[in-house]
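Residue numbers (our numbering): 271 to 484. Glycine included, C-beta positions come from ideal geometry on N, C-alpha and C. A quick write-up on the structure given underneath.
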């Protein structure tokens, strides 16, 4: 049994930190752990996601691993949003090549890994997880519901949309795709979500949606 196989059998998880290794392999010297990590990376039994965070290589994993799951482990607290969530809900036609997430800190992060790029952008919504769904993806990845993801993207783009036609032109999301989700909730719930941002651009778009429901 090599180092990577020992880690798999000891930790029982596919994404882990160097700190995890130090805790679960506490009988091992730090130099042994560092050497084991280096060998495992070279043998592709470990994949480096960012400094101090690793994923078991394909040989040691059980089945496919979701990029959404990886994103949830790369940086916390976060949830999948913006283009990735809109694509997940079937609202945008284009393929999304960067896995996009929202975070409550005023920062912008981009991690480039062998499995793709993962971006994190600030969203001012309070409570932060309002409009976020707990999914069944690999143990419960958090994903913004369609309207939350759309509001997040409008905030990120810093644009004021005065009609759904502008949304369709700019974001390629058609009215017929948005409105079924709008009609699933009450105007009060819609207002609660929009007001949680405290931003005029979101309140402006709220007026558009309320007008469309009449």
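Item checked: Coil, strand or helix - residue 357 by DSSP -> The answer is helix: DSSP assigns residue 357 an H, G or I state.
Exercise for the section: Could you tell me whether the Cβ atoms of residue 498 and residue 426 are closer together than 9 Å? Expected result: Because the chain spans 271 through 484 in this model, residue 498 falls outside it and cannot be assessed.
Kindly indicate which three-state DSSP category residue 282 falls into: helix, strand or coil?
The DSSP-derived three-state label of residue 282 is coil.
- Are the beta-carbon atoms belonging to residue 407 and residue 336 less than 9 Å from one another? Judged by their CB atoms, residue 407 and residue 336 are nearer to each other than the 9 Å cut-off.
(Q) So, with DSSP's three-state summary, where would you put residue 386? (A) Residue 386: strand per DSSP, three-state reduction.
Counting only runs of 3+ residues fully inside the segment 362-423, write out the beta strand (DSSP E) ranges in chain order. With a minimum length of 3 residues, the continuous beta strand (DSSP E) runs that stay inside the segment 362-423 are 368-373, 378-383, 386-392, 402-404 and 412-414.
- Message: What does the alpha-carbon distance come out to for the pair residue 396 and residue 465?
- Response: Computed Cα separation, rounded: 9 Å.
- Task: Work out the CA separation of residue 457 and residue 475 for me, nearest whole Å.
- Result: The straight-line gap from Cα to Cα measures roughly 13 Å.
request  = Determine the extent of the beta strand (DSSP E) in which residue 317 is found, giving its start and end residues.
outcome  = That run of the beta strand (DSSP E) goes 316-320.
Does the Cβ of residue 272 have 16 or more other Cβ atoms within 10 Å, making it buried, or fewer, making it exposed?
Residue 272 should be labelled exposed.
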